[in-house]
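Have a look at the structure below before the remarks.
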Amino acid sequence: AQSVAQPEDQVNVAEGNPLTVKCTYSVSGNPYLFWYVQYPNRGLQFLLKYITGDNLVKGSYGFEAEFNKSQTSFHLKKPSALVSDSALYFCAVRDVLSGGYNKLIFGAGTRLAVHP
Amino acid sequence: NAGVTQTPKFRVLKTGQSMTLLCAQDMNHEYMYWYRQDPGMGLRLIHYSVGEGTTAKGEVPDGYNVSRLKKQNFLLGLESAAPSQTSVYFCASTQGEKQFFGPGTRLTVL
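Keeping their order, the protein sequence lines are chains A and B.
Going letter by letter, the first sequence gives residues 1 to 116 in this note's numbering.
Going letter by letter, the second sequence gives residues 117 to 226 in this note's numbering.
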């Protein structure tokens with residue numbers, strides 16, 4: 001079965017410093033991987049996805065993610081954190097439902113706190 | 117475009133009461149989903165629909181029913197609410213590989 005793991009409940013970083021939010025995956029076949037962000041009292045918003053091609057994927061709000069097949073990881077990164085980046089971040093992997101339809105399997109989430 | 121909307125935003129129920137959560141999307145998406153979000157557990161799929169008139173069970177369907185009578189609407193029903201159903205419920209619809217989420221409904225069952 002497909003799964004993702006986010007090993008950190010919370011990540012703290014100072015504004016202006018680089019940030020990394022970790023995600024590892026376990027899949028059979030080629031992985032389709034995603035990052036979503038949830039701001040307080042809001043629904044999830046799509047940040048970026050990896051399906052195939054370049055291992056470094058660029059997304060919204062200056063975020064990027066690095067796909068590493070040998071380490072089965074898909075870490076989210078940003079070169080310079082902003083206080084407004086403080087939110088809950090979810091890694092997800094695509095799974096296939098019966099009938100061939102797609103669904104997402106989400107990690108438990110990592111809370112990012114950026115301090116001024 | 118309003119995107120994905122959910123009503124109500126908040127609700128408090130007593131054990132045994134019933135209610136329906138409404139999800140609407142104006143993007144003409146075929147696929148729609150209901151998730152619940154609980155602390156430390158991410159989002160778990162309750163039910164989903166791949167088109168008007170079709171529904172199917174997700175990971176945690178027990179205690180919930182759904183209907184998709186119109187393409188733009190996906191209803192989630194709780195026939196007899198239990199405290200274990202206290203959660204935040206999110207609806208989503210899909211275009212390609214990207215899911216669009218509603219703002220959520222915070223449900224408390226006493």
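The beta carbon of each residue, even a glycine, is placed where N, CA and C say it ideally should be.
Note that the coordinates shown come from a computational prediction; the quantities given were computed from them, not determined experimentally.
In chain B, which residues lie with their C-beta within 7 Å of the C-beta of residue i?
i: residue 42(A); result: 219
i: residue 106(A); result: 158 and 159
i: residue 109(A); result: 158
Which residues bound the beta strand (DSSP E) around residue i?
i: residue 145(B); result: No beta strand (DSSP E) holds residue 145(B); DSSP gives it neither H nor E.
i: residue 127(B); result: 126-129
i: residue 114(A); result: 110-115
i: residue 120(B); result: 120-123
i: residue 221(B); result: 221-225
i: residue 94(A); result: 87-96
i: residue 2(A); result: First-last for residue 2(A): undefined, no H or E at that position.
i: residue 183(B); result: 181-183
Going by DSSP, which residues form a beta bridge with residue i?
i: residue 20(A); result: 77(A)
i: residue 206(B); result: 151(B)
i: residue 62(A); result: DSSP lists no partner for residue 62(A).
i: residue 49(A); result: 34(A)
i: residue 143(A); result: Residue coverage of chain A in this structure runs from 1 to 116, which leaves residue 143(A) outside it and unanswerable.
i: residue 82(A); result: Looking at the DSSP assignment, residue 82(A) forms no beta bridge with any residue, so it has no partner.
Give the straight-line distance between the Cα atoms of residue i and residue j, rounded to the nearest whole angstrom.
i: residue 168(B); j: residue 185(B); result: 6 Å
i: residue 198(B); j: residue 153(B); result: 16 Å
i: residue 113(A); j: residue 80(A); result: 13 Å
i: residue 140(B); j: residue 129(B); result: 22 Å
i: residue 134(B); j: residue 180(B); result: 10 Å
i: residue 95(A); j: residue 61(A); result: 26 Å
i: residue 177(B); j: residue 146(B); result: 20 Å
i: residue 32(A); j: residue 104(A); result: 9 Å
i: residue 170(B); j: residue 190(B); result: 10 Å
i: residue 120(B); j: residue 115(A); result: 32 Å
i: residue 48(A); j: residue 67(A); result: 12 Å
i: residue 195(B); j: residue 101(A); result: 27 Å
Give me the chain B residues within the contact set of residue i, using Cβ-Cβ distance strictly less than 8 Å, ordered along the chain.
i: residue 46(A); result: 214, 215 and 216
i: residue 90(A); result: 158 and 159
i: residue 39(A); result: Those within 8 Å of residue 39(A) in chain B number zero; the least Cβ separation is about 10 Å.
i: residue 49(A); result: 213 and 214
List, in chain order, every chain A residue whose beta-carbon is nearer than 8 Å to that of residue i.
i: residue 126(B); result: Chain A residues near residue 126(B): none, gap ~10 Å exceeds 8 Å.
Can you pull the chain B neighbours of residue i, defined as C-beta to C-beta under 9 Å?
i: residue 32(A); result: 213
Taking residue i as the query, report the chain A residues whose CB atoms sit under 9 Å from its CB, ordered along the chain.
i: residue 205(B); result: Ordered by position in chain A, no residue passes the 9 Å Cβ test against residue 205(B), which lies about 11 Å from the chain.
* Asked: Any contact of the stretch 76-94 of chain A with the stretch 18-34 of chain A, i.e. 3+ C-beta pairs under 8 Å?
  -> yes
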